[in-house]
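Taking it in order: structure first as structure tokens, then the write-up.
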Amino acid sequence: MCKLVLFFCCAAFVQQSLAIVGLCPDASGTATNAVCQLACQFQNNGSFLPNAFSCNNQLADQTCAVLFPCSGSCSIVNGLTGANGMTPADQPYVRAFACTAPQTQTLALQCARQCALCCQTAAYNCTDNYRSPINCGANQGNCRNPSFQAIMTQYCPATCGLCGGGCTDAITGCNTLAPLCDNVNWYTYMRTNCASTCGTCSSSTTTSTCYDIASNCAVNSNLCSNSIYYSLMTQQCPRTCGRCGSSSSYIATTCVDSSTSCSTWVRNGFCSSSFYTTAQKRQYCARSCSLC
0 MCKLVLFFCC AAFVQQSLAI VGLCPDASGT ATNAVCQLAC QFQNNGSFLP
50 NAFSCNNQLA DQTCAVLFPC SGSCSIVNGL TGANGMTPAD QPYVRAFACT
100 APQTQTLALQ CARQCALCCQ TAAYNCTDNY RSPINCGANQ GNCRNPSFQA
150 IMTQYCPATC GLCGGGCTDA ITGCNTLAPL CDNVNWYTYM RTNCASTCGT
200 CSSSTTTSTC YDIASNCAVN SNLCSNSIYY SLMTQQCPRT CGRCGSSSSY
250 IATTCVDSST SCSTWVRNGF CSSSFYTTAQ KRQYCARSCS LC
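Taking numbering that gives the first Met the number 0, the leading residue of the sequence shown gets 0, the next gets one more, and so forth.
Take a look at the structure:
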């Protein structure tokens with residue numbers, strides 16, 4: 000039976016761009032004092048991220064091996080010793096210099112597996128959800144498992160190559176700002192600029208969805224057509240009663256929480272706090288704070 004490996008610290012694999020530099024590793028993986036261009040690598044020692052090889056080359060594998068061999072150029076450029084014949088796949092600290100050279104970057108992305116650049120391709124170029132209860136790297140084998148694909152898509156899209164929907168961070172550095180995703184004072188900024196990191200890509204469509212306001216609508220569904228309770232049920236239970244399109248359900252379609260963090264904020268006293276205005280409470284947690 001496949002099991003997900005869980006962890007409860009706020010950690011996420013940081014995706015590196017071709018412009019980021021870090022310490023060069025030597026052939027054993029120990030960091031040297033030289034500075035290297037990094038891509039899909041950890042900055043502290045240059046070792047590759049788990050998703051550096053999690054894709055296929057667009058060009059034929061044999062073609063990519065010819066275009067981007069890891070021969071003597073690795074030891075010259077990366078400060079490695081004895082790197083002749085090594086490849087990123089069998090020695091996870093080396094790659095051909097041409098893989099990260101600006102003039103061959105487009106071609107290198109067509110040989111992403113050969114160059115260990117899979118995290119730079121469109122399918123991987125987002126971030127894992129920083130709130131993830133899952134150790135994405137340890138569970139990479141479950142990315143295509145039908146039993147886990149939905150949860151892996153939600154929490155580990157970058158690791159699994161399941162980025163999509165056009166949802167990306169609008170600015171760089173969102174991974175370092177991730178703790179602000181749940182900060183009510185920064186919520187609008189983070190949702191706008193760091194949607195992928197904060198996991199709020201679909202939140203903009205929330206307010207157009209029809210929801211029940213009351214929690215006991217299913218139990219009282221027999222009252223939907225009761226003339227005495229008709230108006231009340233239409234307002235409080237439009238989804239259960241099948242009245243999402245009616246004008247009288249307007250309050251229900253707009254009475255929603257725009258933030259996914261409301262349950263946490265409510266526990267921390269957000270709704271009763273005098274520090275936040277009623278407008279702020281209604282904007283973010285109208286339903287949870289009973290302000291509809």
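Don't be surprised by glycine CBs; every beta carbon is placed ideally from N, CA and C.
Check residue i in the structure and name its three-state DSSP category.
i, result
"residue 47", "strand"
"residue 245", "The pLDDT assigned to residue 245 is 46, lower than 50, so where the model puts this residue is not dependable; a value taken from the coordinates is nonetheless given after this. Note: residue 245 maps to coil in three-state DSSP."
"residue 40", "strand"
"residue 237", "coil"
"residue 290", "coil"
"residue 58", "coil"
"residue 251", "Low per-residue confidence applies at residue 251: pLDDT is 39, beneath 50, and the placement is therefore not dependable, though the value from the model is reported in the following sentence. Looking at residue 251 - three-state DSSP - the assignment turns out to be helix."
"residue 174", "helix"
"residue 156", "helix"
"residue 228", "coil"
"residue 277", "helix"
"residue 264", "helix"
"residue 149", "helix"
"residue 271", "coil"
"residue 65", "helix"
Roughly how far, in whole angstroms, is the beta-carbon of residue i from the beta-carbon of residue j, given that I think they are within contact range, below 8 Å?
i, j, result
"residue 155", "residue 144", "That belief does not hold up - the Cβ atoms of residue 155 and residue 144 are roughly 12 Å apart, past 8 Å."
"residue 50", "residue 129", "Actually they are not in contact, since the Cβ atoms of residue 50 and residue 129 sit about 16 Å apart, beyond 8 Å."
"residue 146", "residue 92", "Actually they do not touch by this definition, with Cβ atoms about 34 Å apart."
Taking DSSP's pairing of strands, which residues face residue i in a bridge?
i, result
"residue 256", "284"
For residue i, is the classification buried or exposed, using 16 other Cβ atoms within 10 angstroms of its Cβ as the cut-off for buried?
i, result
"residue 140", "exposed"
"residue 230", "exposed"
"residue 266", "exposed"
"residue 227", "exposed"
"residue 60", "exposed"
"residue 237", "buried"
"residue 275", "buried"
"residue 121", "exposed"
"residue 170", "exposed"
"residue 241", "exposed"
"residue 131", "buried"
Taking only runs that begin and end inside the segment 92-147, name each unbroken alpha helix (DSSP H) of 4 or more residues, in chain order. 104-108
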